[in-house]
Amino acid sequence: MRDTGADRADTRETPWDDTWLAILRAARSGVLAEGRPWSVAELAARLGAAPGAVRGALFRLEYQGFARRVDDDVVVLTQAGPERWAAGTRALVGMLEYAVRSAVPVLTADDVDRYRTLVDEADRALRLRSDGARSALLATLGFWVDVCPDVLLARFTRRMLELVTFGLVPGTAWRTWDADAWLASSLLAATTGDRDTAHDAAHALARFRDVRVADVETQAGLADGTLVRPSDLRPAVPSVVPSSAAGTAWDALLGAVRSGALEAGQRYTVDDVVRITGQRDADADLAVRQLEVMGLARFLPGNRTDFSPRTPSLDEWAENAAAVVAFAELGLRILVGHDDHTQVAEARAIVDRVRRHATVRDPRLTSALVDLAGWIADHVPDPFVRDALHYTHSRAFLLLDEPPPFRQWGVTDFAAHLDRAFDGDERAAANAAHALARHVDAHVADVRNRYGTMGT
């Protein structure tokens with residue numbers, strides 16, 4: 013594993029961020045009509061953007077529910093709808109807890125002063141019930157995305173904040189004014205640097221979220237509880253490769269990168285990928301974007317399509333491991349009380365394997381934990397938490413040449429908490445995730461000791 017930390021991409025940003033915003037603004041203003049087909053070529057000409065950037069932006073818009081694909085390179089621009097918006101609010105609250113928890117120890121004095129100003133502005137706007145109250149409150153959420161040191165978590169949280177910001181039809185009234193608990197507890201977390209206070213802030217935000225979602229239900233004429241409870245709504249398109257053809261291109265491209273046929277640090281184009289994979293341009297383009305999202309390539313400066321393969325760092329692997337734990341906790345909290353007996357029996361069988369392998373120090377403990385994360389990802393009834401966990405779960409196997417075995421044999425405490433969680437104890441779900449986080453931290457330290465400082 014080579015030391016490539018200097019080439020690390022900050023995955024908060026993508027080369028098509030500006031194009032994504034341009035399309036969304038044009039759709040909202042009526043410049044690009046919603047409900048009619050638009051080809052990639054038409055959109056590129058209208059916006060003066062490269063087709064590759066338009067495809068990247070449309071993929072993100074599809075994921076958030078702002079576009080629907082009707083043909084290979086043709087989409088219909090749409091509204092996300094209240095169900096997808098509500099799912100986004102649930103995922104956002106959960107992700108923000110981890111963003112706050114990871115950020116508070118590293119905030120500077122200037123950061124704290126800036127947040128205090130944002131809190132004061134939001135408090136004033138909400139008390140006055142001014143037109144700027146919504147924007148002021150959202151600014152307090154955006155602050156934590158901006159300062160979150162975990163760039164992978166920040167990227168997912170940013171996508172959810174975008175969905176929450178733009179997901180409702182224009183004209184949906186803002187009638188939720190009491191955010192005092194969120195503002196006070198999040199400011200306390202910022203000023204004290206106390207990670208535990210992040211948990212209190214997230215719970216305060218969750219209560220605010222439930223009131224806001226219930227009001228949107230009323231405005232949309234939906235039955236009580238329709239949006240507040242988890243639904244099995246799936247993303248319009250997942251963040252992983254969505255079609256079998258694109259999947260074939262992805263497999264071929266990934267194999268070429270991991271075998272060294274495409275060398276790290278060298279420039280390649282989508283045409284090169286078409287030649288190597290034998291797939292069509294659109295699927296090759298999607299595979300290249302997937303390579304960048306996975307952290308295995310970077311787009312070259314000044315170019316939105318040419319890319320260079322890269323070797324991820326050990327820090328990125330450690331960050332991904334922490335994200336898996338975070339998203340698994342979100343999934344467990346949502347799952348508790350929402351699964352049938354057959355599904356719970358499946359989970360308990362995996363937990364029994366974890367306990368047994370840990371007790372006898374069987375190397376198969378690694379695969380049992382992987383299977384458990386996969387089970388949570390497959391069953392959690394929130395589309396965005398499910399997708400985030402699927403993404404980080406699959407990415408864990410690609411960031412190092414050989415994923416290291418998990419040798420933290422004391423995870424039986426984690427298994428005991430899970431037993432209680434599957435009995436319906438939501439607090440036990442959080443305790444299980446916190447226990448796992450401690451073991452994962454020890455696992456990361458163990459791996460760093462084995463690898464040394466290479467790749468950091």
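Residue numbers for the sequence shown follow the numbering used here, beginning at 13 and rising by one.
From the three backbone atoms N, C-alpha and C, an ideal C-beta is built for every residue, glycine too.
Just so it is clear, the structure is predicted and the values come from calculations on it, not from any experiment.
Restricting attention to VAL86, VAL43 and ARG72, the CA atom closest to the CA of PRO49 is found in VAL86.
Between the alpha carbons of PHE426 and ALA447 lies a distance of about 5 angstroms. Judged by DSSP secondary structure, TRP50 falls within the beta strand (DSSP E) whose first and last residues are 49 to 51.
In the structure shown, PHE339 falls within a helical segment according to DSSP collapsed to helix, strand and coil. Considering only ASP435, GLU358 and TRP421, the residue with the shortest C-alpha distance to ALA454 is TRP421.
Taken in chain order, the complete alpha helix (DSSP H) segments of 4 residues or longer contained in the region 42 to 118 are 52 to 59, 63 to 76 and 94 to 115. Less than 8 angstroms divides the Cβ of LEU265 from the Cβ of VAL285. About 5 angstroms separates the CB atoms of VAL88 and ARG80; that is less than 8 angstroms, so the two are in contact.
With respect to the 8 angstroms criterion, LEU199 and TYR127 are classified as neighbours on the basis of their beta carbons. ALA408: not part of any alpha helix (DSSP H); DSSP gives it neither H nor E.
In the same chain as ALA338, and ignoring 5 residues on each side of it, the C-beta atoms closer than 7 angstroms to its own belong to TYR110 and LEU165, in chain order. For PRO321, the beta-bridge partners assigned by DSSP are ALA309.
Here MET172 is near GLY100, since their CB atoms are less than 8 angstroms apart. For a cut-off of 8 angstroms, the C-beta gap from VAL456 to ALA333 is around 6 angstroms, short enough to register as a contact. Check the Cα spacing between GLY183 and each of ALA232, TYR403, PHE155 and ALA196: the tightest is with ALA232.
With respect to LEU130, PHE155 sits close: the two C-beta atoms are nearer than 8 angstroms. When C-alpha distances from SER320 are compared across ASP297, ALA330 and ALA276, the shortest belongs to ALA276.
Between LEU381 and ALA389, the C-beta spacing is not below 8 angstroms. By the neighbour-count definition (other C-beta atoms within 10 Å, threshold 16), VAL392 is a buried residue.
Distance from the CA atom of VAL163 to the CA atom of GLU438, rounded to whole angstroms, is 28 angstroms. THR209 is a Cβ neighbour of ALA201, given a cutoff of 8 angstroms.
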